[in-house]
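Below is one structure; the comments refer to it alone.
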């Protein structure tokens, strides 16, 4: 199962939807079975835009003051036997995984999640620590809080035996270089 992870689209703004930056994000999303948005969507029309490519699940961010059945304050998903938690904000991200999980899901034990996804920082992060895959996809539209340009997303390839995860650069914007450094890792049960 291919899952795309995005966060912090912050649209509409100067663009109505991500197509304003070009087709790259749409092409990326169209190859996946599920889109997880880790918040700061801003308007549900962006979830509509995403849904033309694949089903969407969203954890609301601090800029998401709307009601939509696709968006919840936080998400707990089970996909192919993997438990995935999604929440928008987990700063600072370098704390022990037990603290991050307790902040996001105080009712869950530390060993109950396999994957923890967050957003908010606009900076991609991919690491495996304390037996949990931590994913922050960065922002596809405002990487590192720089002016509008192509940024990053994350791709999770789930099987019942493992997860291949990567941070993906969504290309270049003329005269605005993409600051993203790609990374990848594979975990097995």
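Numbering (my numbering), first residue to last: 248 to 436. Where a beta carbon is used, it is the ideal one built from N, C-alpha and C, also for glycine. Since the model is a prediction, treat every value here as computed from it, not as a measurement.
If I follow the unbroken beta strand (DSSP E) through residue i, where does it start and stop?
i	result
residue 306	303-306
residue 418	Here residue 418 belongs to no beta strand (DSSP E), and DSSP marks it neither H nor E.
residue 332	329-333
residue 356	No beta strand (DSSP E) contains residue 356, which DSSP labels as neither H nor E.
residue 376	372-376
residue 325	322-326
residue 383	379-383
residue 425	Taken as a continuous stretch (DSSP letters only), residue 425 belongs to no beta strand (DSSP E), as it is neither H nor E.
residue 399	399-405
residue 386	Run containing residue 386: none; DSSP gives neither H nor E here.
residue 360	Taken as a continuous stretch (DSSP letters only), residue 360 belongs to no beta strand (DSSP E), as it is neither H nor E.
To which residues of the same chain is residue i closer than 6 Å at the C-beta, ignoring the five residues directly before and after it?
i	result
residue 320	307
residue 423	396
residue 318	305, 307
residue 324	331
Using a Cβ-Cβ cut-off of 7 Å (strictly less than) and excluding sequence neighbours within five positions of residue i, which residues of its own chain qualify?
i	result
residue 398	385, 386, 387, 388, 389, 390, 417, 425, 427
residue 315	291, 294
residue 252	283, 285, 364, 382, 384, 400, 401, 403
Return the first residue and the last residue of the alpha helix (DSSP H) that residue i is part of.
i	result
residue 251	Taken as a continuous stretch (DSSP letters only), residue 251 belongs to no alpha helix (DSSP H), being part of the beta strand (DSSP E) at 249-253.
residue 347	344-351
Kindly list the residues whose CB is nearer than 8 Å to the CB of residue i, restricted to its own chain and excluding five residues on each side of it in sequence; keep chain order.
i	result
residue 393	423, 426
residue 351	321, 332, 334, 337, 363, 365
residue 309	286, 287, 335, 336, 367
Give the DSSP bridge partners of residue i, in chain order.
i	result
residue 437	Nothing can be reported for residue 437: it is not among the residues displayed for the chain, which extend from 248 to 436.
Please say whether residue j and residue i have beta carbons closer to each other than 8 Å?
i	j	result
residue 379	residue 361	yes
residue 280	residue 256	no
residue 430	residue 410	no
residue 373	residue 412	yes
Query raised in the report: Which residue spans inside the segment 271-320 form an unbroken alpha helix (DSSP H) run of at least 4?
Result: 271-277, 291-298
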